[in-house]
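Engineer: Residue numbers (this note's numbering), protein chains in the order written: chain A, 5 to 356; chain B, 5 to 356; chain C, 5 to 356; chain D, 5 to 356.
What follows is a structure written as structure tokens; I'll ask about it next.
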């Protein structure tokens, strides 16, 4: 119980989607009032997700999902400044990040260790007010304490880093060969995770020079460019003709998905995280049934197995995220930050 | 070591594909000579598989795979009449059936508990001489001893029964709800297996009246006819709106596969055994990634986990295959047997 | 949100441990006041657990654990009569039972799908006020909705039934042979669970005639009496000399534990639920290491995988708990009920 | 089929146990004649196992197991010089090592992916003639091809390295904290394996200065000396009071086994490989049941999952075994080699 905390009141800046159209506005709003089981966090670092870029552009997905006005942003690091009356495990001054999927803890998925697939999820920064603001209110049960050993900027990207860890860890990893399709920030983050998790070979495919270079810096054994090389032939060569044990699909591109089926070993694991824009045509017999492939959809982060894994990978020094964080902006320069994000020549972009 | 067995010599009848065209011929050939690690089996019961029907019809798959002349048939029960010089674990008089996938025991799949996906498999009755004959030679390592408690006709269908058991058992079963798409012999065999394995609800979809009736006899809780009912609505109703935990695809039909995606619960298991004739278009985002579906290709039978499971399910009385065996013919009346098989109004057809 | 419920106030009867000595007292106390995330339940059925017998007797474990005064009882079924201000998923009139392990949802165990091993657990009826009263207050997150199809008395014993289901389901079950050591209520409940979960053979050992008889009624294939039979020899005979796949230890007796090691197959699963009073001497080399045994401690029920399994096993009709409930008493006749429980000639005893 | 190989005939040197007493003799015997499914291997490197030291000393275990005369040794690397008439996958000139457990491929364990627990195993070098000779005959199905990238001396110790890999890999590893009890060659080999497999912390306990030093060289994060430090207190300190996720017991010492129970986290994995000389007394309730511990016996190496893992760990450079190989002797100086082995101040000892 935390009886003595004073309520934080007043106004704050927030980056909000106000109207159903392109763009965001940096406006002044009231600081959120915490409920009994919530804490109020002063946000110190924020990071831009691909989802935020969709919201900024106001594409079809955003138009169907968001109900403006809403404060955006779901990747952050901050410090607790107020705790609700029933909060038991955190106190003012604790440094935290949070799982922004607010789940119900009563549906079948929540009650069988799959809360990341909750039937009633509310995502803060999408369905509710998010972290691109001076303060954010978050339920205690969603908080993740950030140990001192972890760089605050790394803590700010636990959400996408968690996507990478969840995808890599969705099956066996030790002594396995990996093909990662797509070098966006999550695909790139998956490189050191796979290696730390025992992968004996990590190949990544990407066409952007910027991202190819970043993938090499982050430790990929081979970076193949599908616009210049025969990916399937090269993967087969690198795996003695057998193909890889694990394919991680991080691009959503139909051509890449097809390459994955051509490059995977019999009984292999094919984990899908990238979201294709359209349906895809697959030869079930040849590509899944006869070779006994395990195709799996990956969504969110395991609550909270993935979070412990992230801590351990970073604290032990097995994964270094420093090169992945390529840009820093003040929140008021958000337009410049979002435009760079849309161009794609970036790793993770931090909003201070 | 078996030093005293005499060699069985002479001629025998065999049902062979002699030419690349429709039909089979019942001809006289030499009894096979056993190699040091093989046994010779007098075949007592045989059963017709869907694969045999393809071979009989000489469809595209058969034309690409078979190299006539070859003796057909891979489902059987028989008695050992001769053992090779290096055979150690079987003797003349033992009653057996066999896994007809002759595998290499040296490839990656064979050496990591996935011999059913062997890179170098030879299937007797398809790639080599099979069981539609008076005698067959089979490697010792492929034999399965048939306990006395098991009906010889049930032993003769361990191959397709094993497909059903392998598919049901490819994930959790206890207290799970199942949807089986397609009421061919394997789909129907999966009904009592799922129930014996703890399924709390088994729904099967099928259009043929004959097979719908047989599915009910074999214990399906509900048999839905997609030509007459709204399968998705009915499955949702039967599962309190949640969908089923497990879908077993046994039909290969695109419409059924689509229904499976509509009927499956988040994080559900979707096991594919039926072979679609053509590629299929799937909405990866909506049908696999967001709901976290596990899609898996199933092939053959686990060697020999599945076989032990079959023994236990039958010996314990948990599964009764009697209603599934609907027709009996003498081998010389094979044409009639195959024509009935092609019409589809049959469970399993035995050739004596 | 439930804004219109009126607060239930006044006095109620409760069966309490008032002093650190043998016995319980039925006294009048205030009806509990619900907190924002709790509900108040009118208790309709209660059941006596072995733990309650320990508390009644005031043995060493009780003396170390309990801090009187406390209301006892953790097995019950009831109806919600009041909901706290933040309760979202339940309403007045809902029929429920509950997981009485109130866990923290913040420790490593809670956050990695093992809340049944919470580092900070408070057990209602042991560490906090329990269900042997007219009313009980329980956190919403601990509630389990009781479907209409389920008999209220069965719902009242979900706690021990859940121990049985958790133990049976702690590894593979389908087509496996089981040996259950000890025919107390949990051991007996494990019989139909194992069979429903696909066990091909269930053997139970017990010395009490009453319990041996009840075990047979509940479906054991064989009930062996270690005081009259050579259990090891008989188990070996029933398993063709191989031993069983799974041993469930439900007795806590050193002699039974030793028999388990003698009866288990190589690579077998040995699940321990019964609590031995003293340390036990084991030959690690011969009994665990060379045969590759998996020995596992089982505690509580998985939250809430086990609870879904219980619902499914009962609703589907696969498990029938009726014979297990052998006695009924009014709460005021609790002394008689506890004395019968201590004698052991009983299945589950209900307090109305 | 290999029709043109000539038979290798004549005499060779072999290190044999000739009489039931201490010591071995280097004598001349006939080169083995290969059977149809065997190959003859010219042995190039051999390594001394702890088992060989037991055989040399002729302790109780050896006296019960061995039937002299027999050629010792089961760790080796060599080149095929002759292949049997039915051998299909290897040819003269191939460099190989071998799994020396010759298993039946017909028992329940062999046929369910647990051949390392075969009911009918014959171990070459213990039950049959082994590798401490110029030549050895080995069944084709037991061979393991040694890739060029792997140092022949590393290939010669795949047997004990495989014990280490099997033990580490018997559960989850990524982001887990490990305590290894005992710094013999297998315990020390487990250090880099655990780290390559994603362990975030590896602590080893050992009293010998030689082995403590070697453990540090091989990458242990902490090496604790139970004769000088409070192991339990230190492990708790290093794990923030929680204990480790995984304990690997490699010593067989009762005091170490007890320390393992004191240091392990709830729900932890406790893998036992070290062979205690006598039965051990355990508090089942406190040490296994309440904390939900998974205690598992480990034996041999998985055939051949472990072998692929070894290849991948070494070829990828994730594990370096060089520091572990500390001594080299010619086979004729075997006495000196065995005496150094018995003293314990050694990693692996190679016989050229």
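Here a beta-carbon is modelled for each residue, glycine too, at the ideal position from N, C-alpha and C.
Going by beta-carbon coordinates alone, are residue 150 (chain C) and residue 141 (chain C) separated by less than 8 Å?
Structural biologist: Not in contact: residue 150 (chain C) and residue 141 (chain C) (Cβ atoms no closer than 8 Å).
Engineer: Which residues of the segment 255 to 283 of chain C have a Cβ closer than 7 Å to any Cβ of chain A? Give them in chain order.
Structural biologist: Those would be none; no residue qualifies.
Engineer: So that I know if they touch, is there some Cβ in chain D lying closer than 8 Å to that of residue 297 (chain C)?
Structural biologist: It does; some Cβ of chain D falls within 8 Å.
Engineer: Name the two residues that bound the continuous alpha helix (DSSP H) containing residue 196 (chain D).
Structural biologist: Counting along the chain, the alpha helix (DSSP H) containing residue 196 (chain D) begins and ends at 189 to 200.
Engineer: Along chain A, which residues have their Cβ under 8 Å away from the Cβ of residue 116 (chain C)?
Structural biologist: The contacting residues are 308, 309 and 312.
Engineer: Is there at least one Cβ from chain C nearer than 8 Å to residue 177 (chain B)'s Cβ?
Structural biologist: Output row for residue 177 (chain B): interface = yes.
Engineer: Going by the CB atoms, is the gap between residue 28 (chain D) and residue 336 (chain D) shorter than 8 Å?
Structural biologist: No. Outside cutoff.
Engineer: I'd like to know whether the C-beta of residue 21 (chain D) is nearer than 8 Å to at least one C-beta of chain C.
Structural biologist: No, residue 21 (chain D) does not count as interfacial toward chain C.
Engineer: Using a 10 Å radius around the Cβ and a threshold of 16 neighbouring Cβ atoms, would you call residue 8 (chain B) buried or exposed?
Structural biologist: Per-residue confidence for residue 8 (chain B) stands at a pLDDT of 47, beneath the threshold of 50, marking its modelled position as unreliable; the derived number appears in the next sentence. The residue in question, residue 8 (chain B), is exposed, as its Cβ has fewer than 16 Cβ neighbours within 10 Å.
Engineer: Is residue 8 (chain D) close to chain A? Criterion is C-beta to C-beta, closer than 8 Å.
Structural biologist: Per-residue confidence for residue 8 (chain D) stands at a pLDDT of 47, beneath the threshold of 50, marking its modelled position as unreliable; the derived number appears in the next sentence. No - not a single Cβ of chain A is within 8 Å of the one on residue 8 (chain D).
Engineer: Express the C-alpha separation of residue 58 (chain B) and residue 68 (chain B) in angstroms, rounding to a whole number.
Structural biologist: Cα to Cα, residue 68 (chain B) sits roughly 12 Å from residue 58 (chain B).
Engineer: Identify the continuous alpha helix (DSSP H) that holds residue 239 (chain C) and give its terminal residues.
Structural biologist: First-last of the alpha helix (DSSP H) with residue 239 (chain C): 235 to 242.
Engineer: Which residues of the segment 116 to 146 of chain C have a Cβ closer than 7 Å to any Cβ of chain A? Give them in chain order.
Structural biologist: So the list reads 116, 117 and 145, given in the order they occur along the chain.
Engineer: Quick check on DSSP: helix, strand or coil for residue 310 (chain C)?
Structural biologist: If DSSP states are grouped into helix, strand and coil, residue 310 (chain C) belongs with the helices.
Engineer: By Cβ distance, which residues of its chain are closer than 6 Å to residue 132 (chain D), with the 5 residues on each side in sequence left out?
Structural biologist: Counting only Cβ-Cβ distances below 6 Å, and skipping sequence neighbours, we find 126.
Engineer: Does any residue of chain D have a CB that is nearer than 8 Å to the CB of residue 202 (chain A)?
Structural biologist: It does; some Cβ of chain D falls within 8 Å.
Engineer: Here's a check: name, in chain order, each residue in its chain whose Cβ is nearer than 8 Å to the Cβ of residue 229 (chain D), leaving out the five neighbours to either side.
Structural biologist: So the list reads 209, 210, 211 and 216, once near-sequence residues are dropped.
Engineer: Does the Cβ-Cβ distance between residue 329 (chain A) and residue 351 (chain A) come in under 8 Å?
Structural biologist: Cβ distance < 8 Å, so residue 329 (chain A) and residue 351 (chain A) count as in contact.
Engineer: Suppose contacts are defined by Cβ-Cβ distances below 8 Å. Is residue 313 (chain A) in contact with residue 197 (chain D) by that definition?
Structural biologist: For residue 313 (chain A) and residue 197 (chain D), no; Cβs fall outside 8 Å.
Engineer: Does DSSP put residue 94 (chain A) in a helix, in a strand, or in coil?
Structural biologist: Coil at residue 94 (chain A), not helix or strand.
Engineer: So, is residue 22 (chain C) buried or exposed, given that buried needs 16 or more other C-beta atoms within 10 angstroms?
Structural biologist: It is exposed - the Cβ of residue 22 (chain C) has fewer than 16 other Cβ atoms within 10 Å.
Engineer: What's the gap between the Cα of residue 299 (chain D) and the Cα of residue 256 (chain C)?
Structural biologist: The alpha-carbon atoms of residue 299 (chain D) and residue 256 (chain C) are separated by roughly 18 Å.
Engineer: Can you find a CB in chain A that lies within less than 8 Å of the CB of residue 11 (chain C)?
Structural biologist: So no, residue 11 (chain C) is outside the interface.
Engineer: How would you write the range of the beta strand (DSSP E) that residue 339 (chain A) sits in, first residue to last?
Structural biologist: Segment 338 to 347 is the alpha helix (DSSP H) holding residue 339 (chain A); no beta strand (DSSP E) there.
Engineer: Suppose you measure from the CA of residue 206 (chain A) to the CA of residue 224 (chain A); what does that come to, to the nearest Å?
Structural biologist: Taking the straight line from one Cα to the other gives about 6 Å.
Engineer: Taking Cβ-Cβ distances shorter than 8 Å, what residues in chain C pair up with residue 152 (chain B)?
Structural biologist: Per Cβ cutoff of 8 Å: no residues; residue 152 (chain B) is ~12 Å from chain C at best.
Engineer: Determine the DSSP secondary structure at residue 301 (chain A), reduced to helix, strand or coil.
Structural biologist: Strand at residue 301 (chain A).
Engineer: Report yes or no: is there a C-beta of chain A within less than 8 Å of the C-beta of residue 285 (chain B)?
Structural biologist: Yes, residue 285 (chain B) lies at the interface with chain A (some Cβ there is under 8 Å from its Cβ).
Engineer: Output the distance between the C-alpha atoms of residue 43 (chain A) and residue 144 (chain A), rounded to the nearest integer angstrom.
Structural biologist: Roughly 6 Å between the two C-alpha positions.
Engineer: Counting only the same chain and skipping the five closest in sequence on each side, list residues whose C-beta sits under 8 Å from that of residue 253 (chain A).
Structural biologist: These residues qualify, in order along the chain: 185, 186, 260, 261, 264, 274, 275, 276, 277 and 278.
Engineer: Residues of chain A with CB under 9 Å from residue 170 (chain C), in chain order?
Structural biologist: Going along chain A, no residue has its Cβ under 9 Å from residue 170 (chain C), so there is no contact; the nearest lies around 14 Å.
Engineer: Where in the segment 227 to 291 of chain D do unbroken runs of the beta strand (DSSP E), each at least 3 residues long, occur, reported from the N-terminal end onward?
Structural biologist: DSSP runs (the beta strand (DSSP E)) wholly in the segment 227 to 291 of chain D: 248 to 253, 268 to 276 and 284 to 286.
Engineer: So, for residue 113 (chain A): in the same chain, excluding its five sequence neighbours on each side, which residues have a beta-carbon less than 7 Å away from its beta-carbon?
Structural biologist: Excluding residues within five positions, the ones whose Cβ falls inside 7 Å are 119, 121, 122 and 123.
Engineer: I'd like the list of long-range same chain contacts for residue 6 (chain C), defined as Cβ closer than 7 Å, with 5 residues on each side in sequence excluded.
Structural biologist: The pLDDT assigned to residue 6 (chain C) is 45, lower than 50, so where the model puts this residue is not dependable; a value taken from the coordinates is nonetheless given after this. Counting only Cβ-Cβ distances below 7 Å, and skipping sequence neighbours, we find 87, 91 and 95.
Engineer: Against residue 288 (chain D), what residues of chain C qualify as contacts under a CB-to-CB distance less than 7 Å, listed in chain order?
Structural biologist: By Cβ distance, chain C contributes 276, 280 and 284.
Engineer: Can the beta-carbon of residue 295 (chain B) be found less than 8 Å from the beta-carbon of residue 280 (chain B)?
Structural biologist: For residue 295 (chain B) and residue 280 (chain B), no; Cβs fall outside 8 Å.
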